[in-house]
Structure formats: C-alpha cells, structure tokens
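Each remark here refers to the structure printed beneath this line.
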Amino acid sequence: MNKNSNSRQSTGRPARPDPARPAGSRPAERGDARPRRSVAAFRIEQVQRVLGEVLQWTSPADAVLSHWLRANPALGGRDRAELAEGVYDVVRNLRRYRQLAESGVGNATRRLAILGLAATRGVEWLKDALDPGEADWVARVDQVDPSALPRAVRYSLPDWLEERLGKLPQPESLMQSLQQPAQLDVRSNPLKIERDALLAKLREGPAGRYDPQPMRYSPWGIRFKGHPPINRWPEFESGQVEVQDEGSQLLALLVGPRRSEMIIDFCAGAGGKALLLGALMRSTGRLYAFDVSAARLAKAKPRFARSGLSNVVPVAIDSENDSRVKRLAGKAQRVLVDAPCTGIGTLRRNPDLKWRQQPQSLGELCELQYRILKSAARCVAPGGRLVYATCSLLPEENGDQADRFLAEHPDFERLDAAALLHNRCDNLELEGPYVQLRPDLHGTDGFFAAVFERKKAVRHTAEAKQEAVEPAATEHVPPSDQVQAVEEVKD
C-alpha cells in the first residue's frame, strides 16, 4: 500500500499534509492554473484504492482498511469515517452495484466507488467530481427500481447463501436487515458498575451526543447511535464498559454461571464472553479460556486485567483433543462452546463474510463444530450444563448440529433454551427449544444457542476417570494461585 508523499516545497520544509488528498497524489503548486480538485474527487480515488485491495478477498475488509488508514496518518477523523462508510457500503451492496456498473464506462472499481459514495454522501456531493459521462450514468442508475431486480441481486447475496436464507421464515425481512449497518452495543462490567449508574455517567459526558439507551433484553447492555470513539473514554479505560453485541451478552444468561464453579469457555477467542462470565462469577471459582490461537488469547489478557478479573486462566490448546482438555473430563459445572462458524449472523458488521465464505467451506466447518462439541461435552460434570452457540443463521450449523448431538449422546438431555432466556427477559419472544436471534426480529446479530444438561445418573468411563484432574477448587482464585490452575491442565 502506498504512503503519503514526502515531497518537499521550495523552502526545503516538508509539505503540509492535505487530509483530503489521497496517498501519492500531487498537491497543487503555487501559480498552478489548474483548479484545485474537490474533496469528492479525492474521496473517490481513496475508496477506489482501498476497494482494489479489499475485493481480492485475501484479508478481512476491516484489516485492509485499518492497514490503509495507518499508512495514511494525515487523514482526519471525518475523512476516515467517510472513507470507511464508502468502502463498507460497496461491500454490502457489491452484487447489486456490479450489475448497475455494467451500464457505465471506464474503470469498474471507480464506478463501484462512485456508487458507494453516492449512497453515503449523496449524488449532489459527487457532481463536481464526475465527468459528463459519469454524471449521466449516475442519473440513469438512480432511476433503477431495486424491487425489479432478482432477490439475490437486490440484497447482494451469493446464490448459495440466498438459497439457504430463502428457506428460513420471513426471508425478505431477514435479508433486508442483514444489509443494514449495526449500531454499537456495549455492556457494563457487573464487577465495577451497575448499568443505570454507567448510563448516567455516559449521558453526562462526550458519549451523550450518541444517545446511549438501555437494551431491550440484556440487563447489562447499552446501545449507541452511530459509532462513538469508545476506546478513548475513561469508562472504557477503567474497565467499566466493554463492547459486546446484545446477542452475545444473552449467551451468559444461558450459561448461568455461579460463584465458585469451574467453567470452561471452549472457544474463547479475544475473551468477550469470558469477561462477562467471569464478572458474573464475581471473580470466584475458576474460568478456563481455551482457544487454539495463542495470538487471540494474548489480546484477551489486557482485557481481563482491565476488567478486574482474577479467576480467568487462558490456555492455548493444540486442538479439541489436546491432553489438557482431556484432563478436565467430568469436572466443569458449565461449558460454553461458541463454535467457529460462517459468521453469517454478523453480516451487518462483517459484510465481506458473504463473499469470503464459500459453500464448500460450510461442510468443513460443520465437521469441526461437531468435533469441538463432542470434546467439550466430555468436560461436563454430571448435572452440569453445556451450551452450544454460533453466530450463524444456517440450520446446518445450528439446529442440525444440536439434534445430532442429542441423538448420539444419551447421557445428555436438552433444556428449553428459549424458556431459560424468557425467565430473564420476559419481553423476548422466542419459539423453543433452541434460541435463534435475528437482526430483523430482535435487533441483535444472528445468534443460535442450544442448552444441554448431563444426566446425573450417568457414570464416567474408566478412561475418563483416569484422565480426570483433582476436584475443582471452589474458592476465589487470586492472581498468586493462578499457577496452580495452570498446573491442572499442563502436560
């Protein structure tokens, strides 16, 4: 990626950066008779450049955009926001925009950039940056009736995904909701502050301009309009608030953590759900955060420290069959499996997933999910709870997996997950026995969850007894005792 020009003026001093000027472009020289280019012209070029990298689908769109912005530090906050909005609008509407772009001339990626900025900034804002042919094309495109387009084009979905979503209830409503950008969801840290107190603080400070409101379902959740710079606020730096989608917050209610228990977050990632589980345990007991990525767990450690938790034990495992997993057989009162999945339920936040995921990868993911679920189930103590969750909307990753697990594991019984949530969220309408949250119905990302309980009458096999560790400690785990917890899962 290119960086801003380091050319010097005749004085020998570095040229003053122009936040509207894209990387590598030449600033207007003194006495240059040519008119200064408009901000819109620069913005089209910037969006075009970023799209040229994003549309290769070799990296997530947010990673490409972040790298490009770091390479162009002269861009101001407003410039960065306009650039990001334009890029993401194109990614969300890529299939429709590509069809509309076929009627234009010139560089195809430039046409996509024009359509994205026309949607986010308006056609009038762009006019000075368009040549007569482009202006005529934009005017013609503006007259196209989206409802006349095929459904997969109208909602910019690949055929395989449109076909699967089309089999779900109210498919048009769902597809339309997945096209809309998500608002920012955060939650209070129960260890440090109650939600009402946090809301009052936020409304009095800079966050007030983003209209923070309590969420409909989560007892800890707060939702903002727009995307405020939350990581600059003292409430974030002090660990009083964490970013987390409301659907993800509700998973904690299904896990139902209690003080002094042993709990396993089997696919902990960067620690979002473990943070809430640990806080609800009041930093007592022991919470193992397993993940195959040591890099993801490393990102979680500062979050654990900021939150005030001392009961979390991050463990990087080789696979779901790691010996350190087997040594916890039958010992955990609660196990959460937030399985790796297609992420289709998060398209509002990650629209590039619909283009980066391929139908053949679905089968591979389903096999991995089931292997992880089976391995995690071995860790559940008699009478303990197992929660299987994904951020997907596809039955193959959700209900089909839960049904298969129940059929092949007679030592587990299914709990009514919808009823469990309804007991805590009386205004949440769900049809059991599983939980399926949708952006069009619930205002959350798409989340699925199934809850199982291990029957108390089932005895462990001799192999499980041999692999089992000493009974889980039930006391508070201060930092000095974390070594002992790690020893329990070491080779």
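Residue numbers for the sequence shown follow the numbering used here, beginning at 233 and rising by one. Using N, Cα and C, we set each Cβ at its ideal position, and we do this for glycine too. On a predicted model such as this, the values are computed, not experimentally measured, just so you know.
query	result
Bridge-paired residues (DSSP) for Gly453	Arg419
At least 3 beta-carbon pairs within less than 8 Å: the region 325-332 vs the region 384-396	yes
Option in Ala548, Pro627 and Glu285 with minimal Cα separation from Ala682	Pro627
Close beta carbons around Gly575, own chain, < 8 Å, minus the five adjacent residues each side	Asn582, Leu585, Gln589, Cys623 and Ser624
Euclidean distance between Cα positions of Leu287 and His641	43 Å
Cutoff 8 Å; reference Val282; Cβ partners in own chain excluding five residues on either side	Val296, Leu297, Trp300, Leu315 and Val319
Simplified DSSP assignment, three categories, for Arg262	Low local confidence applies: a pLDDT of 42 at Arg262 is under 50, so the model's placement there is unreliable, with the coordinate-based value given in what follows. Coil.
CB of Trp416 within 7 Å of CB of Phe456, strictly	Before going further, note that residue 416 is Leu rather than Trp in the sequence given. Yes, Cβ-Cβ distance for Leu416 and Phe456 is below 7 Å.
Nearest-angstrom Cα separation, counted from Lys424 out to Leu600	37 Å
Delimiting residues of the alpha helix (DSSP H) encompassing Asp570	Here Asp570 belongs to no alpha helix (DSSP H); instead the beta strand (DSSP E) covers Ala564 to Asp570.
CB of Gly503 within 7 Å of CB of Gln476, strictly	no
Selection from Leu594, Arg566, Asp643 and Leu307 that minimises the alpha carbon distance to Asp632	Leu594
Arg343: first and last residue of the uninterrupted alpha helix (DSSP H) it sits in	Ala340 to Arg353
Where Phe536 sits in the DSSP three-state scheme	helix
Stretch-stretch touch, CB-based, cutoff 8 Å, three pairs: the region 487-504 with the region 427-445	no
Residues that Ile619 bridges to, as DSSP identifies them	In the sequence as presented, Ile is not what sits at residue 619; that position holds Val. Answer by DSSP bridge pairing, in chain order: Leu568 and Val683.
For Tyr442 and Pro460, the rounded distance between their alpha carbons	7 Å
Identity of the residue in Asp523, Leu507 and Val524 nearest Thr213 by Cα	An answer regarding residue 213 cannot be provided, because it is not within the stretch 233 to 723 covered by the chain.
Contact between the region 533-540 and the region 554-564 (3+ Cβ pairs under 8 Å)	no
Bridge partner(s) assigned by DSSP for Tyr666	Answer by DSSP bridge pairing: none, since Tyr666 is not bridged.
Lys563 burial status per 10 Å Cβ neighbour count (16 or more: buried)	buried
For Arg642, three-class secondary structure by DSSP	The identity of residue 642 in the sequence shown is Pro, whereas the question assumes Arg. Three-state DSSP puts Pro642 in coil, outside helix and strand.
Endpoints, beta strand (DSSP E) assigned at Tyr520	Arg518 to Asp523
For Ile496, the residue or residues it bridges with in DSSP	Tyr520 and Val567
CB of Leu647 within 7 Å of CB of Val667, strictly	no
Pair within 7 Å by beta-carbon distance, Gly577 and Phe498	no
Where Ser607 falls, given that 16 or more other Cβ within 10 Å makes a residue buried	buried
Beta carbon of Ala367 nearer than 7 Å to that of Ile276	no
Nearest-angstrom Cβ-Cβ length linking Leu509 and Leu519, presumed shorter than 8 Å	6 Å
Outcome for Glu707 when other beta-carbon atoms lying within 10 angstroms are tallied against a minimum of 16	Confidence at Glu707 is low in this model, with a pLDDT of 38, below 50, so its placement is unreliable and the value that follows should be read with caution. Glu707 is exposed by the Cβ-count criterion.
Burial state of Arg427, where buried means 16 or more other Cβ atoms lie within 10 Å	buried
Sheet register partners of Gln445 (DSSP bridge)	Arg455
Whole-angstrom C-beta distance between Val418 and Glu474, which should lie under 8 Å	6 Å
Beta-carbon contacts of Arg396 that lie in its chain and below 7 Å, excluding the five residues immediately before and after	Leu626
Length of the line joining the Cα atoms of Asn655 and Glu394	34 Å
Nearest to Ala500 (by Cα), restricted to the options Pro422, Val569, Asn543 and Lys688	Val569
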